[in-house]
Amino acid sequence: MTDQRIIYPTEGGGVAVVVPAPEFVAAHGIEALVERVVPPITRRIPTGLFAIDEDTGESYELHDEVIEPRPYKIVSVDDIPSDRTWRAAWEYVDDQG
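42 is the number of the first residue of the sequence shown in my numbering; add one for each residue after it.
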């Protein structure tokens, strides 16, 4: 069994913990799993342009979508608290900043 976990911040401010399948990691590597399971961050940025809905006649603002990689870490299973009581309060800390 693999002794690594993938963690990343969720949209709601929590932390996702991915437990890799040892067979997948053995066949493809943990970075390949990261590409499959860590979703990118998608931001909607207002353009200042408006369009009209053909069905309702209401106007709405157009947005551009910006997609960027979500930060993640590959950590030891020992770095994950075994007590899940306060798991909803876990925070992702970016060591790069």
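From the three backbone atoms N, C-alpha and C, an ideal C-beta is built for every residue, glycine too.
All values reported here derive from a predicted model rather than from experimental measurement.
- Ile-71: not part of any beta strand (DSSP E); member of the alpha helix (DSSP H) spanning 71-78, first to last residue.
- DSSP places Ala-62 outside both helix and strand once states are collapsed to three, so it counts as coil.
- When the alpha-carbon of Leu-103 is set against those of Tyr-113, Leu-90 and Glu-109, the nearest one is in Leu-90.
- For Arg-84, the enclosing beta strand (DSSP E) begins and ends at 82-93.
- Within its own chain, the residues whose Cβ lies closer than 7 Å to the Cβ of Pro-87, once the five positions on either side in sequence are excluded, are Glu-102 and His-104, listed in chain order.
- In this structure, Lys-114 is the residue among Val-60, Glu-106 and Lys-114 with its C-alpha nearest to the C-alpha of Asp-135.
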